[in-house]
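Novice:
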Amino acid sequence: MTDFNALLDSLSKIARDAGSAILTVYERDDLGVETKDDKSPITEADKAAHDIIVAGLETLTPEIPVYSEESGGIDYATRKDWPRFWLVDPLDGTKEFIKRNGEFTVNIALIEGDTPVLGVVYVPVTGVLYLGGRGVGAFKEENGERSAIQCRERTTPVVMVASRSHGGEAVEKLETFIREEVGEVERTSMGSSLKLCLVAEGKADLYPRLAPTSEWDTAAAHAVVSAAGGVVVNTAFQPLVYNKPDILNPHFLVLGQAVDSWRFIAPALE
């Protein structure tokens, strides 16, 4: 049986090493921005973090394949039979990185079957690390101290976290619906996988993602949310799954409480 506690410690070091490489680029005037085939940006920091993480994981667990956003794409025929694999976003929030607002992360997740079971999310600018896994709980490391985190019970006002760059009318519709059904709603915006982490640490109740994302954007923080007692589901309230033929996620919800307590919002998601 895999020792998830030991793995988390090793992953934390790999993520911090990648974060250091990211900050080296971040502190320069020239971020080395290029455009990928899908028109999304990539920087020298993405590439440097990718190299560090892949090398670290291949040394740590040579028997487990690694699939990174910057791997150049791995065909589903190759990965469909993987019983477990590392799913990595070396720099989640590249647009936030380019804007220099600090809201970007290093994401490393272990997928078993179609489910994230272990994850670390590192914030290079603040040095904050979120980590968690099946059977070991969820934690936040800050200023050299690790403390347990968990999702909270929903109260009023409902705290909803949303993307800085995506969402638009669909999120506005949902916010209005919740306000009419249960009362006051507070909304905060943030970049990258930090939105999921806010739910995991009990600072938000709901993160609706009603715009495109890819599996590597969410997997690590998904594992942390699950370990903290929350759930990540599609808009039909079914679990969000991974290692699909299409790496894109459907629209989804990150919930700090049980699914049944949120089914009332279904009409707003149609």
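Residue numbers (our numbering): 19 to 288.
Built from N, CA and C at the ideal position, the CB exists for glycine as well.
Check whether the stretch 142-150 touches the stretch 72-82, counting contact only when three or more Cβ pairs, one atom from each stretch, lie closer than 8 Å.
Specialist: At 8 Å Cβ cutoff, the stretches do not touch.
Novice: If you run the structure through DSSP and keep just helix, strand and coil, what is ASN125?
Specialist: If DSSP states are grouped into helix, strand and coil, ASN125 belongs with the strands.
Novice: If you drop the 5 nearest sequence neighbours on each side, which residues of the same chain put their C-beta closer than 6 Å to that of GLU160?
Specialist: Answer for GLU160: VAL146, listed in chain order.
Novice: My assumption, with CB atoms under 8 Å, is that PRO175 sits in contact with GLU202. Please give the rounded CB distance.
Specialist: Yes, they are in contact, since the Cβ atoms of PRO175 and GLU202 sit about 4 Å apart, within 8 Å.
Novice: Rounding to the nearest angstrom, what Cα-Cα distance links ASN252 and SER38 in this structure?
Specialist: If you take the alpha carbons of ASN252 and SER38, they lie about 34 Å apart.
Novice: In chain order, which continuous runs of the alpha helix (DSSP H) of length 4 or greater are located wholly inside the stretch 147-205?
Specialist: Counting whole runs of 4 or more residues, the stretch 147-205 contains the alpha helix (DSSP H) stretches 186-200.
Novice: Thinking C-alpha only, which one of ARG170, THR236, LYS158, THR112 is nearest ASN125?
Specialist: When each option's Cα is compared against that of ASN125, the closest is THR236.
Novice: Between the alpha carbons of PHE122 and ARG172, how many angstroms are there, rounded?
Specialist: Approximately 27 Å between the Cα atoms of the pair.
Novice: CB-CB under 8 Å to LEU49, same chain, minus the five flanking residues each way: which ones, in chain order?
Specialist: These residues qualify, in order along the chain: VAL43, THR61, GLU62, ALA63, PHE115, ILE116.
Novice: Does the CB of TYR44 have a neighbour CB from chain B at under 9 Å?
Specialist: Among the chains in the structure shown there is no chain B, since it carries only a single protein chain.
Novice: Look at the alpha carbon of LEU105 and the alpha carbon of GLY91, and state the distance between them as a whole number of angstroms.
Specialist: Each residue's alpha carbon lies about 12 Å from the other.
Novice: Helix, strand or coil, according to DSSP, for TRP234 in the structure here?
Specialist: Helix, per DSSP.
Novice: Return helix, strand or coil for ASP21, following the three-state DSSP convention.
Specialist: Coil.
Novice: Quick check: the Cα distance between VAL272 and GLU52, rounded to an integer number of angstroms?
Specialist: So the two alpha carbons sit approximately 31 Å from each other.
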